[in-house]
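All residue numbers for the sequence shown refer to our numbering, where the first residue is 150 and numbers rise by one.
Please read the structure below before turning to the comments.
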Amino acid sequence: MSKTTKFLVLSLSVIVFFAFVGAGCGFFDWRKKAAEKSLEQALEKQSGGKVDIEVESNTTTWETEEGKSEFGTGEIPANFPSDLPLYPGATASYTFVGSGNEEGSASATLETSDSMDKVSSWYKQNIESNGWSITRTDQWGADSDQFSNYVAEKGDKELSVGITSPEGKTMITITINKKSDTNPEDSDSSL
150 MSKTTKFLVL SLSVIVFFAF VGAGCGFFDW RKKAAEKSLE QALEKQSGGK VDIEVESNTT
210 TWETEEGKSE FGTGEIPANF PSDLPLYPGA TASYTFVGSG NEEGSASATL ETSDSMDKVS
270 SWYKQNIESN GWSITRTDQW GADSDQFSNY VAEKGDKELS VGITSPEGKT MITITINKKS
330 DTNPEDSDSS L
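Structure, rendered in structure tokens:
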């Protein structure tokens, strides 16, 4: 697991912890700040980068020599790529925007009460109208276990939109990355 992936998982856990536990337990401001500082120092030691946790805005920023990554919950950040279609009225439960070596990478998890069919149709139309070319569409499952996935390309970027409908809600996961020149599955790992 890469440092970025480890940090992503750890920082999301920290944000969720503070969002649910910190807000609900009546932490005083000085306790929140002390907890933020303590976690920042632990994450900085683990990652080798500078970490800034902001409980009030539910964000974590991680900066290394390779670049800067921002993770958050609750809303789409201003620096989120504008050519990614975001379903109208959906709420963001997680976001990520990368820079440096992660430049061009972004992801978001959204939630809406609209039906999966409605969301899927909207994405099929709006991916293409935002200049993306859909290269693959996958759909499987039945009833509440349905899943749709669109993979699209635009220039040197690849987009994936996954749509599922657990427990009466529709969840949307959007991920954008730079296309890689090589496919790791094609390499011979037995050397």
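The C-beta atom is built at its ideal place from N, Cα and C for all residues, glycine as well.
Between the C-alpha atoms of Gln288 and Glu224, what's the straight-line distance to the nearest angstrom?
28 Å
Of the residues Val300, Phe296 and Ile325, the one placed nearest Asp266, counting alpha carbons only
Phe296
Per-residue burial, Gly247 [other beta carbons within 10 Å of its own, 16 or more giving buried]
buried
Spatial distance of Thr258 from Asn279 (CA atoms):
19 Å
Measure the CB-CB distance between Ile312 and Ile325 and report whether it falls below 8 Å.
no
Does the region 298 to 315 come close enough to the region 239 to 246 to have 3 or more Cβ pairs within less than 8 Å?
no
Contact under 8 Å by Cβ, Ile276 with Pro234
yes
Buried versus exposed, by CB contacts within 10 Å (16 or more), Ser368:
This structure does not reach residue 368, given that the chain is present from 150 up to 340, and the question cannot be answered.
When the distance is taken between beta carbons, is Ser256 closer than 8 Å to Ile323?
yes
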